[in-house]
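What follows is a short report on a single structure.
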Amino acid sequence: MPNGVVAAHDQHGQHGHHHPALQHHFDDLEQQLEASTLGMWLFLVTEVMFFGGMLAAYMLYRIWYPVAWADGSNELNIVMGGVNTAVLIFSSLTMAMAVRSAQTGHRNATMIFLVLTMLLGLTFLVIKFFEYKEKFELNHVPGPNFRFEGPEAPHVQIFFSVYFALTGVHALHMVIGFTLLSVILWMTYKNRFSPEWYTPIELAGLYWHFVDIVWIFLFPLLYLVDRSHHIV
Amino acid sequence: METTVVESPVNYLNHRHTVASWLLTKDHKRIGILYLIVVSIAFTLGGIFAALIRMELTTPAGDLLSADVYNRMFTMHGITMVFFVLIPAVPAVLGNFVLPLMIGAKDVAFPKLNLLSWYIFVIGFIFTITAMILGGVDTGWTFYTPYSTQGSESNVLLTGIGVFITGFSSILTGLNFMVTIHRMRAPGMTWFRLPLLVWALYSTSLVQILGTPVIAITVGMLAMERGLHLGLFDPRLGGDPVLFQHLFWFYSHPAVYIMILPPMGVISEVIACFSRKNVFGYSFVAFSSLAIAVFGFLVWAHHLFVAGISPYSALIFSFLSFAVAIPSAVKTFNWTATLYKGAIWWKSPMIFVFGFLGLFLIGGLTGLFLASLGLDIHLTDTYFVVAHFHYIMVGGAIMGYFAGLHYWWPKMTGRMYNDTAAKCAALLIFVGFNLTFGPQFILGYLGMPRRYHVYPPEFQVLNVLSSAGASILAVGYALTAIYFIASLFVGEKAGANPWKATGLEWTTQSPPLPENFPETPIVTEGAYAYSKREMKVA
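Sequence lines, in order, name chains A and B.
Mapped onto the numbering used here, the consecutive letters of the first sequence carry residue numbers 1 to 232.
Mapped onto the numbering used here, the consecutive letters of the second sequence carry residue numbers 233 to 770.
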């Protein structure tokens, strides 16, 4: 045989029908699931690096300007930030429940949990909106209108730049996640999933948890820099 | 051992004909061709910018281009060549075409994502082209702050958006390839039976996945800084311009390995075929790719030796930069050892490989000059640096890309090109290249700085030599385009395996079937089971 290759039986040919979700270039659903999951994890790795660039800037300037970092951090609304942290952690639970329901084939439960997750995501975004609005009113948004009293004012502006960059990109990810879940919800409604195949729900879940975890890091890094000296 | 391929009248080129069947294709082979078209356009464009630069530099005075236009020319040359030619050339064109064939798969793991990558690439290219039409950019391809955020009045923002968008195409291609290599291998295709190009593409994907997001967010921060003057990189407001350089090179140095690793993989394929031998030290060559990918992330600050970084960190980065030469040297020695006692077959792909070996050697060794802390201070921002990275990027990467194009062209198109013309082109490119960039080492060592459109008269002789070499280089590239295009109309049929090569891609017909193989292949031996005797028969 040339080049050490022998012909194999085409795997598709052996069973006359296959799952409608199976794409033509995969042999079976298991291979397809493994590929999709690995792809999603790799995507999350790139996401970590994406935030990593901003966190590098955060780290450098926090070391350079510890006082400005404490001043800026104490200006943030810890109540809104704290509530949002709780909201997101709770949404991770409902997301996990949605994946579990899909796995066990409970379509209605899946839809309820998806809707709950989306509502919690929306709550987060609404609270974030009011938090940003407050920053605009206090002139804490970097740029020509930035106002801050004190000797560290320019460095506090850098703090707020990093704050808006990190939370802004995070909020963008929340919006994308919300859109993603709407599609998943629609697909669930259209009965596309079964315990045999629910990969999109699982992948959306991975993404949602990732966005939550990013916030779990952002909250202490941004809101809790020097709270011990400023009891609310 | 004649190949027993049954020719089917249907192949990936002729099974559908409409424009939509190309623009909406999910076939990795067609997507490879789509990339080939865009990359070739970008290469021509970048070449035109380079030609203008060389024309200006034939005389010491700034008579053809003004200083401002000259700045825009070298910037656009750099941006076009780096982001739209070197980074996508081998992975997106050749990798897309041959990777699934090489591992015996029907397609990459995510065909729709693959098409999306191409569209993202094209959109990024359109943004960049638009910026160029609107007057271009003058920051240098490195976008250094604070000039890019405050000084420059050119289209930094638009170009930045183009680079940002293109980055995602690179990330998605890397992700796709990595999953493909993990999950789509044919039965029997174990890791150590993989062709070395696959190892190289795997290592490249690693760099694309880990590095590219960082440049994306860095360019994003640059855009915010430029638009809103936040102070992130502005020393007057307490920001640090050197932070930008760190973040930029954290991607852009590993990006050099995105450009050179895949051509290195191509070299392993071609040199084995045309020496009729297994690649010497297969596993060393395979792991040296991974080693380069990993070490490549730890050397970025050697671009900052004169930027005021601490001497202790400079010492470490210098050491690591020397260390990254080791896996590259392992490859070069192993390729040379592959030639030893091989039955060398003088076909054009092999001529390009020889060109690669010579030029990459010079490029690699001069890199060590620049990694030395003391010498680097003398050579930073001179033509020595320009010559060094062109030896790696053009002498290495483009030579490797051309070796691959000549090797797989019969597979991609089903036609043979004129081999004599190809050998002439290889020779012209080799000679022209050395004449263009050889004198630049001397110019740089004598102190001629890069990025100026005027220079003292005593440098004219070497600059004229360099420009003359560039004309020869241009003739070589033009010749390549001519015989490749001609082969589509008058080339003889290639048959399944014109080079009598091993590897799964040669077991299917040329051009391949839409689904690559009539039946999923089963692999029973390593990638390079060549025997010299068989060559004598041929």
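The C-beta atom is built at its ideal place from N, Cα and C for all residues, glycine as well.
Where the beta strand (DSSP E) containing residue i begins and where it ends
{"i": "valine 755 of chain B", "result": "753-755"}
Beta-carbon gap between residue i and residue j smaller than 8 Å
{"i": "arginine 682 of chain B", "j": "valine 626 of chain B", "result": "no"}
{"i": "alanine 283 of chain B", "j": "histidine 685 of chain B", "result": "no"}
{"i": "leucine 247 of chain A", "j": "methionine 118 of chain A", "result": "Residue 247 of chain A is absent from the structure shown; chain A starts at 1 and stops at 232."}
{"i": "glycine 53 of chain A", "j": "threonine 712 of chain B", "result": "no"}
{"i": "tyrosine 65 of chain A", "j": "histidine 155 of chain A", "result": "yes"}
{"i": "alanine 619 of chain B", "j": "phenylalanine 665 of chain B", "result": "no"}
{"i": "valine 322 of chain B", "j": "glycine 632 of chain B", "result": "yes"}
{"i": "glycine 264 of chain B", "j": "phenylalanine 357 of chain B", "result": "no"}
{"i": "valine 369 of chain B", "j": "valine 388 of chain B", "result": "yes"}
{"i": "histidine 24 of chain A", "j": "lysine 338 of chain B", "result": "yes"}
{"i": "leucine 581 of chain B", "j": "tyrosine 544 of chain B", "result": "It should be pointed out that residue 581 of chain B corresponds to proline in this sequence rather than to leucine. No, the Cβ-Cβ distance between proline 581 of chain B and tyrosine 544 of chain B is not below 8 Å."}
{"i": "proline 494 of chain B", "j": "alanine 432 of chain B", "result": "yes"}
{"i": "alanine 726 of chain B", "j": "tryptophan 738 of chain B", "result": "no"}
{"i": "serine 101 of chain A", "j": "threonine 94 of chain A", "result": "no"}
{"i": "valine 216 of chain B", "j": "leucine 552 of chain B", "result": "The question about residue 216 of chain B has no answer, for chain B in this structure spans 233 to 770."}
{"i": "glycine 406 of chain B", "j": "isoleucine 441 of chain B", "result": "yes"}
{"i": "leucine 88 of chain A", "j": "aspartate 212 of chain A", "result": "yes"}
{"i": "histidine 485 of chain B", "j": "glycine 528 of chain B", "result": "yes"}
{"i": "tyrosine 483 of chain B", "j": "glycine 443 of chain B", "result": "yes"}
Burial state of residue i (16 or more Cβ within 10 Å)
{"i": "glycine 606 of chain B", "result": "exposed"}
{"i": "proline 427 of chain B", "result": "buried"}
{"i": "alanine 252 of chain B", "result": "exposed"}
{"i": "alanine 35 of chain A", "result": "buried"}
{"i": "arginine 468 of chain B", "result": "exposed"}
{"i": "tryptophan 69 of chain A", "result": "buried"}
{"i": "glycine 82 of chain A", "result": "exposed"}
{"i": "glycine 278 of chain B", "result": "buried"}
{"i": "threonine 250 of chain B", "result": "exposed"}
{"i": "arginine 417 of chain B", "result": "buried"}
{"i": "proline 332 of chain B", "result": "buried"}
{"i": "histidine 610 of chain B", "result": "exposed"}
{"i": "tyrosine 189 of chain A", "result": "exposed"}
{"i": "threonine 734 of chain B", "result": "buried"}
{"i": "tyrosine 302 of chain B", "result": "buried"}
{"i": "serine 560 of chain B", "result": "buried"}
{"i": "alanine 706 of chain B", "result": "buried"}
{"i": "valine 175 of chain A", "result": "exposed"}
Start-to-end residues for the alpha helix (DSSP H) that takes in residue i
{"i": "tryptophan 254 of chain B", "result": "251-255"}
{"i": "lysine 563 of chain B", "result": "557-571"}
{"i": "serine 194 of chain A", "result": "Per DSSP, serine 194 of chain A belongs to no alpha helix (DSSP H) and is neither H nor E."}
{"i": "phenylalanine 306 of chain B", "result": "299-313"}
{"i": "tryptophan 738 of chain B", "result": "Segment: none, tryptophan 738 of chain B is in no alpha helix (DSSP H) and carries neither H nor E."}
{"i": "isoleucine 576 of chain B", "result": "Careful: isoleucine 576 of chain B lies outside any alpha helix (DSSP H) and carries neither H nor E."}
{"i": "tryptophan 431 of chain B", "result": "428-460"}
{"i": "phenylalanine 281 of chain B", "result": "260-288"}
{"i": "glutamine 477 of chain B", "result": "473-507"}
{"i": "arginine 425 of chain B", "result": "Element bounds for arginine 425 of chain B: n/a, residue is neither H nor E."}
{"i": "valine 388 of chain B", "result": "388-415"}
{"i": "histidine 610 of chain B", "result": "605-611"}
{"i": "histidine 622 of chain B", "result": "615-622"}
{"i": "valine 526 of chain B", "result": "514-527"}
Partners in chain C for residue i, counting only beta-carbon separations shorter than 7 Å
{"i": "serine 161 of chain A", "result": "Considering every chain present, this structure includes no chain C. Its protein chains are A and B."}
At what residue ranges does the segment 54-129 of chain A contain a whole run of the alpha helix (DSSP H), taking only runs of 4 or more? Qualifying alpha helix (DSSP H) stretches, in chain order: 66-75, 78-103.
Along the segment 590-604 of chain B, where does the CB come closer than 9 Å to a CB of chain A? Name the residues. If the cut-off is 9 Å between Cβ atoms, the segment 590-604 of chain B has nothing near chain A.
Quick check for students: name the residue ranges of the alpha helix (DSSP H) that lie wholly in the segment 629-673 of chain B, counting only runs of 4 or more. Fully enclosed alpha helix (DSSP H) runs of 4 or longer: 631-645.
Residues in the segment 51-83 of chain A having any Cβ partner in chain B nearer than 9 Å: So the list reads Phe51, Gly52, Gly53, Met54, Ala56, Ala57, Leu60, Tyr61, Trp64, Tyr65, Ala68, given in the order they occur along the chain.
Can you list, in chain order, the residues of the segment 255-274 of chain B whose Cβ is nearer than 8 Å to any Cβ on chain A? Residues of the segment 255-274 of chain B that bring their beta carbon within less than 8 Å of a beta carbon in chain A are absent altogether.
Which runs of the alpha helix (DSSP H) spanning at least 4 residues fall entirely within the segment 317-359 of chain B, listed in chain order? Unbroken alpha helix (DSSP H) runs of no fewer than 4 residues, entirely contained in the segment 317-359 of chain B, are found at 328-334, following chain order.
Closer than 7 Å, Cβ to any Cβ of chain B: which residues of the segment 118-142 of chain A, in chain order? For the segment 118-142 of chain A, which is checked against every Cβ of chain B, the residues closer than 7 Å are Pro142.
According to a CB-to-CB cut-off of less than 7 Å, which residues of the segment 686-697 of chain B neighbour chain A? Listed by position along the chain: nothing, the set is empty.
Of all the alpha helix (DSSP H) runs that stay within the bounds of the segment 671-695 of chain B, which reach a length of 4 or more residues? Entirely contained in the segment 671-695 of chain B, not one alpha helix (DSSP H) run reaches 4 residues.
Report the residues of the segment 445-458 of chain B with a CB closer than 9 Å to any CB of chain A, ordered along the chain. Against chain A - using a Cβ distance shorter than 9 Å - the residues of the segment 445-458 of chain B are Pro445, Val446, Ile447, Ala448, Ile449, Thr450, Gly452, Met453, Met456, Glu457.
Ranges of the alpha helix (DSSP H) found wholly within the segment 125-195 of chain A, counting only runs of at least 4: The qualifying runs are 153-189.
Using a beta-carbon distance cut-off of less than 7 Å, what residues from the segment 31-43 of chain A approach chain B? Cβ contacts with chain B: Gln31, Glu34, Ala35, Leu38, Gly39, Leu42, Phe43.
With 8 Å as the C-beta to C-beta threshold (strictly closer), list the residues of the segment 306-328 of chain B near chain A in chain order. If you check each beta-carbon in the segment 306-328 of chain B against every beta-carbon of chain A, none falls closer than 8 Å.
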